[in-house]
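Protein chains in written order, with our numbering: chain E, 4 to 429; chain A, 4 to 429.
Protein chains: 2
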Amino acid sequence: MHIREVKNLKSWIEVSPKHPFPVYNLPYGIGLFEDGTHSAVTRIGDFIINLSLLFQSGLLRADGLTLKHLAAEYLNDYIALPKATHLAVRERLIELFTDTHAGLYKLDEELKNSILVPHEKVKMLLPVKPGDYTDFYSSKEHATNVGIMFRGPENALMPNWLHMPIAYHGRSSSIVVSGTDLHRPWGQIVPPNAENPIFSPSKQLDFELEVAFVTRSGKPLGQPIKVDEAEEYIFGLVLFNDWSARDIQKWEYQPLGPFLGKNFGSTISPWIVTLEALEPFRCAGPTPEKELLPYLQTSGEKTFDIHLEVDIAPSDGKPTTVCRSNFKYLYWNMSQQLAHHTVNGCNIQAGDMMASGTISGPTPDSFGSMLELAWKGTKPVKLEDGSERTFILDGDTIIIRGYCEREDLYIGFGEATTTILPAIDY
Amino acid sequence: MHIREVKNLKSWIEVSPKHPFPVYNLPYGIGLFEDGTHSAVTRIGDFIINLSLLFQSGLLRADGLTLKHLAAEYLNDYIALPKATHLAVRERLIELFTDTHAGLYKLDEELKNSILVPHEKVKMLLPVKPGDYTDFYSSKEHATNVGIMFRGPENALMPNWLHMPIAYHGRSSSIVVSGTDLHRPWGQIVPPNAENPIFSPSKQLDFELEVAFVTRSGKPLGQPIKVDEAEEYIFGLVLFNDWSARDIQKWEYQPLGPFLGKNFGSTISPWIVTLEALEPFRCAGPTPEKELLPYLQTSGEKTFDIHLEVDIAPSDGKPTTVCRSNFKYLYWNMSQQLAHHTVNGCNIQAGDMMASGTISGPTPDSFGSMLELAWKGTKPVKLEDGSERTFILDGDTIIIRGYCEREDLYIGFGEATTTILPAIDY
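Written as structure tokens, this is what we have:
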């Protein structure tokens with residue numbers, strides 16, 4: 004797929020202008036259908052395409068691809084297929100859905116209607132079961148903001164930050180798909196001016212605007228992935244909300260890092276947008292401020308221009324967009340992240356998830372968390388219904404959106420949406 | 004199984020005195036047989052018992068148990084069965100292997116020989132595929148030792164340490180079974196008196212003596228496991244060596260905790276010893292020094308008396324035991340760990356692994372890491388071949404052993420053994 008072809012791609016499925024899912028996008032997800040079956044799916048316009056049934060119809064064939072890769076609960080086994088297979092599937096899907104004579108027209112109406120299903124009839128499930136989930140901390144603006152708030156402007160960035168993409172391991176079991184409600188977490192928090200903790204629902208619940216990449220199969224344990232080959236091991240990207248309870252996190256995180264302040268839930272968008280689809284939006288990231296060790300040196304366009312937005316919708320009000328940021332602001336790119344993660348021989352597996360860390364930009368309206376937007380509670384954020392937020396309230400819905408745009412092409416990630424329910428009775 | 008019955012349990016398979024695997028133990032593992040099949044297995048004396056073939060012979064039946072639970076690559080699905088099923092299997096195995104007339108005598112010799120296989124003919128594999136791996140930091144002696152070395156005696160324990168079982172998420176993909184060699188990891192380290200990092204193989208490679216518990220299926224996301232019910236969610240225990248590169252860890256760990264200093268490999272013993280087998284060795288742990296929040300309060304005997312030892316064997320020398328410690332020294336017990344881990348609603352899954360953190364005791368010969376044994380390199384440890392160690396050298400083999408002992412009963416965990424290979428050519 005050459006970039007020059009983009010302009011001419013037009014599906015026979017109607018797709019409105021600025022729709023996130025034109026035929027060029029072809030993201031992957033797992034759909035649950037009204038008959039109780041689940042399948043790998045993609046989407047064009049307002050239609051979900053059941054890839055298992057398309058395969059069974061005989062119209063979708065690729066080396067190594069079998070029904071079990073598609074009629075699966077998760078995409079992990081499909082993702083473990085060689086990249087050449089994925090590229091062949093992409094080419095074939097574009098052929099099938101741009102050329103009215105490429106095959107689907109021959110199917111009888113009933114079969115065609117079981118393959119092409121209106122999106123409102125399909126429930127989107129978690130697309131992968133991540134073996135491991137890693138959260139990076141790759142936005143210099145975010146790390147600086149947090150550093151200023153907690154350690155003052157002189158020591159805002161830790162000495163290691165400009166030398167390596169700092170990261171920690173997160174909890175994969177509590178990663179949920181968009182649309183899953185989460186309860187406000189209980190935990191130990193230390194009230195202002197107190198010495199000892201109390202047991203309480205978090206009073207500082209926050210979102211973190213992130214993007215995560217999903218990995219392909221890696222190398223065996225002990226063999227690093229080099230920075231120049233790293234993109235070969237990336238399947239695609241999702242939106243990621245790394246829910247954080249700041250008060251729980253603050254008390255627990257020394258010396259071993261975040262734990263219960265994070266692992267009560269993380270929300271991802273249901274669609275994995277592939278690196279192939281993102282290719283036209285490739286761009287350069289920030290220039291390193293320090294000379295990097297050779298294993299982290301990259302050149303050229305190693306990141307992507309992805310617009311990101313966060314809305315807060317109160318339970319009885321309309322959404323207010325509180326943040327507009329961009330994936331390209333990240334100081335460390337995905338190639339550097341993956342090279343660093345595996346430099347010691349750590350192995351990765353198909354379907355692992357690696358999140359970017361909060362993506363804050365240079366201006367206050369691009370900060371990717373309430374902690375930064377309301378500057379530690381000192382500058383409440385006004386919503387359109389007149390209410391104010393320093394952190395997230397029960398009943399609030401947080402919507403993360405992502406999209407890429409240029410003159411001749413628009414593709415989107417869809418949404419990662421979560422409503423916060425009150426804490427349970429403990 | 005009542006404790007009073009222990010004395011009378013005697014298998015018709017010969018078991019030498021102080022053998023780790025008498026018929027009372029019945030640990031679980033995954034074995035790879037000479038014909039290329041793998042299966043859930045247990046062990047009595049020097050024989051491996053192929054549980055798939057025992058099931059197929061018709062002699063092993065329990066509610067909900069099917070062949071697919073046993074003829075599996077990992078024990079996760081078996082562990083997800085109800086506890087009542089596991090107890091029924093245990094009762095039946097004891098019956099089959101203590102009573103010569105309980106069934107096996109009826110099988111023809113060939114079938115019997117395929118079920119009971121000499122242990123040297125079976126390769127033991129990783130017993131579970133952990134969905135998530137958590138590492139606690141529950142030894143007060145270890146946390147204090149590390150604190151003194153890095154922050155001085157006044158601030159040795161962080162203020163939060165006595166209020167909660169501190170933990171962080173680790174990497175599950177790089178957990179390997181005993182007998183798997185590991186390469187010395189590369190990474191960023193800062194030489195003494197330097198400001199900037201260099202890229203180098205770690206010069207401070209260390210073991211950490213730990214024990215991990217393997218969880219049963221938990222509750223849905225959002226529902227905590229209470230401290231009094233926590234043991235119902237624990238399947239069994241393994242030995243755990245949390246390999247650590249101290250120099251990599253030191254430079255990277257602020258502010259988000261350990262990452263590449265740990266995730267290049269962790270070694271576990273192949274046998275999961277069940278809570279049922281450990282029951283006779285139940286004991287009380289240390290008394291809390293601060294009043295705990297109610298969700299962490301336990302009473303009675305909530306831990307186990309498990310002797311632990313670490314040997315270092317140089318490539319051309321015999322092993323020296325450098326550490327003798329005990330699981331019962333841990334300040335925080337497993338019930339507290341699990342209640343804390345889920346108090347915010349974090350969900351656990353069958354086969355998750357939760358390690359204790361380094362288990363150091365009160366005396367210098369009970370410290371569970373080279374960092375402590377050689378006190379940050381200042382007190383080299385002498386080996387029996389006359390050589391000295393401050394950290395682990397290429398070619399060294401580290402052997403962790405665990406066992407429980409009282410007058411009438413001895414059970415063991417076997418070993419977690421790892422040989423360190425030189426760093427790869429990067």
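Even for Gly, the Cβ is constructed at its ideal location relative to N, Cα and C.
Buried/exposed call for residue i, threshold 16 Cβ in 10 Å
i: D250(A); result: buried
i: T103(A); result: exposed
i: E113(A); result: exposed
i: I169(E); result: buried
i: E277(E); result: Per the sequence presented here, residue 277(E) reads as Thr, with Glu not at that position. Buried.
i: K331(A); result: buried
i: I423(E); result: buried
i: P25(E); result: buried
i: A316(E); result: buried
i: L70(A); result: exposed
i: R219(E); result: buried
i: N336(E); result: buried
i: Q226(A); result: exposed
i: E37(A); result: exposed
i: Y108(A); result: exposed
i: A419(A); result: buried
i: E98(A); result: exposed
Through-space distance from residue j to residue i, alpha-carbon basis
i: K265(E); j: P188(E); result: 10 Å
i: D231(E); j: E282(A); result: 54 Å
i: L29(A); j: G415(A); result: 10 Å
i: D428(A); j: N347(E); result: 12 Å
i: K21(E); j: Y413(E); result: 6 Å
i: M4(E); j: F284(E); result: Low local confidence applies: a pLDDT of 46 at M4(E) is under 50, so the model's placement there is unreliable, and no value is given.
i: S19(E); j: S181(E); result: 23 Å
i: G371(E); j: M152(E); result: 15 Å
i: S117(E); j: A280(E); result: 26 Å
i: T137(E); j: I178(E); result: 12 Å
i: V193(A); j: N148(E); result: 26 Å
i: A353(E); j: K293(A); result: 45 Å
i: L73(E); j: E94(E); result: 17 Å
i: Q257(A); j: A75(A); result: 41 Å
i: E235(E); j: G405(E); result: 23 Å
i: E123(E); j: F210(E); result: 27 Å
i: F202(E); j: Q300(A); result: 13 Å
i: K13(E); j: T306(E); result: 27 Å
i: K329(E); j: C407(E); result: Looking at the sequence shown, residue 329(E) is not Lys but Asn. The alpha-carbon atoms of N329(E) and C407(E) are separated by roughly 10 Å.
i: A233(E); j: S338(E); result: 5 Å
Residue i: CB within 8 Å of a non-hydrogen atom of the ligand SAH
i: N163(E); result: Ligands are entirely absent from the displayed structure, and the ligand SAH is therefore not among its contents.
CB contact flag (residue i, residue j, <9 Å)
i: W246(A); j: S269(A); result: yes
i: E304(E); j: A287(E); result: yes
i: L84(A); j: L63(A); result: no
i: S363(E); j: E144(E); result: yes
i: I228(A); j: L341(A); result: yes
i: Y31(A); j: P130(A); result: yes
i: D135(E); j: R174(A); result: yes
i: P200(A); j: Q191(A); result: yes
i: L240(A); j: V217(A); result: yes
i: I275(A); j: L78(A); result: yes
i: N53(A); j: G67(A); result: no
i: S142(E); j: T361(E); result: yes
i: Y27(E); j: V9(E); result: yes
Expected contact under 8 Å - CB spacing of residue i and residue j to nearest Å
i: V214(E); j: S42(E); result: Incorrect: roughly 26 Å between the Cβ atoms, too far for contact.
i: I16(E); j: I51(E); result: That belief does not hold up - the Cβ atoms of I16(E) and I51(E) are roughly 11 Å apart, past 8 Å.
i: F139(A); j: Y171(E); result: Actually they are not in contact, since the Cβ atoms of F139(A) and Y171(E) sit about 16 Å apart, beyond 8 Å.
i: N244(E); j: I351(E); result: Rounded, the Cβ-Cβ distance is 23 Å, inconsistent with contact.
i: M167(A); j: E255(E); result: 7 Å
i: L396(A); j: T323(A); result: L396(A) to T323(A), Cβ: 13 Å. No contact.
What residue ranges within the stretch 216-298 of chain A form continuous alpha helix (DSSP H) runs of no fewer than 4 residues, ordered along the chain? Within the stretch 216-298 of chain A, the alpha helix (DSSP H) runs of at least 4 residues that lie entirely inside it are, in chain order, 249-255 and 278-281.
In chain order, each beta strand (DSSP E) run of at least 3 residues that lies wholly inside the stretch 7-77 of chain E: 32-35, 41-47 and 50-53
Threshold first: 3 residues or longer. Then list the beta strand (DSSP E) segments lying entirely within the stretch 67-132 of chain A, N to C. 119-121 and 126-128
Segments assigned beta strand (DSSP E), at least 3 residues, entirely inside the stretch 161-201 of chain E: The qualifying runs are 170-173, 178-180 and 189-192.
Any chance you could list the alpha helix (DSSP H) runs of at least 4 consecutive residues sitting entirely within the stretch 339-384 of chain A, in chain order? Here the runs fully enclosed are 373-376.
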